[in-house]
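In full-length UniProt numbering, the protein residues as written are 1 to 185.
Don't be surprised by glycine CBs; every beta carbon is placed ideally from N, CA and C.
Each remark here refers to the structure printed beneath this line.
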């Protein structure tokens, strides 16, 4: 009987399936590092935070980092990379920052904020005011004026908060437009 060569001696493990393309030149390595940094900053969790808690110092830091990392020149360099992985990553980011995705998240964020603010000033304050007014009309009037002043301050704070949410959404949409620019441009 002759021995059968099963090929086990020639077995070589396949290289790991690395989703990050290998960059050869220092410029390609820098471009890939920048892309990975952008991808980590534009996680769904960070985008939600930008729209739900826009006054947070962490959100301000993420936006500052994004403004340093994202510009037309950088993206055009990334688009020149022949790697399909880079193209897929750019497309995924563009989808995440699309007009409809940001619009939906902005509406959800504003809706959640309005509901939380409404809960603060629900029936308990007005029920207590009504009881107080019936017991002592003068004290009830003073309390009503105090509540009115609080509500006005809350309205101004809410307008500022909503304005910041819209500003962050606009910034994200702008980044989305940069990622959606045609490769030929």
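Item                                                                                                           : Value
Straight-line gap, residue 46 to residue 75 (C-alpha atoms, nearest Å)                                         : 21 Å
The alpha helix (DSSP H) enclosing residue 31, as first and last residue numbers                               : 26–41
Cβ pair residue 176, residue 98 closer than 8 Å                                                                : yes
Helix, strand or coil at residue 182 according to DSSP, with G and I counted as helix                          : Unreliable positioning characterises residue 182 in this predicted model, as indicated by a pLDDT of 47, which lies under 50. The coordinate reading is nonetheless provided below. Coil.
Under 8 Å between C-beta atoms of residue 102 and residue 39                                                   : no
Cβ-based burial, residue 167 [other Cβ within 10 Å; buried from 16]                                            : exposed
Spatial distance of residue 35 from residue 48 (CA atoms)                                                      : 20 Å
Closest residue to residue 144 among 42, 88 and 133 (Cα-Cα distance)                                           : 133
CB contact flag (residue 169, residue 69, <8 Å)                                                                : no
Nearest-angstrom beta carbon gap, residue 54 and residue 215 [assumed within contact, 8 Å]                     : In the structure as shown, the chain begins at 1 and stops at 185. Residue 215 is therefore absent and cannot be evaluated.
Cβ separation of residue 59 and residue 41, assumed to be a contact under 8 Å, to the nearest whole Å          : Their Cβ separation, rounded to whole angstroms, is 11 Å, which puts residue 59 and residue 41 out of contact at 8 Å.
Inter-residue Cα distance where the pair is residue 157 and residue 81                                         : 46 Å
Sequence-distant residues of its chain with Cβ nearer than 8 Å to residue 105 (five each side left out)        : 47, 48, 51 and 169
Of the listed residues 72, 155 and 113, nearest to residue 180 (C-alpha basis)                                 : 72
Rounded C-alpha distance that separates residue 108 from residue 162                                           : 12 Å
Which listed residue (93, 121 and 142) has its alpha carbon closest to that of residue 151                     : 121
Whole-number beta carbon distance between residue 77 and residue 31, since they are thought to touch under 8 Å : 5 Å
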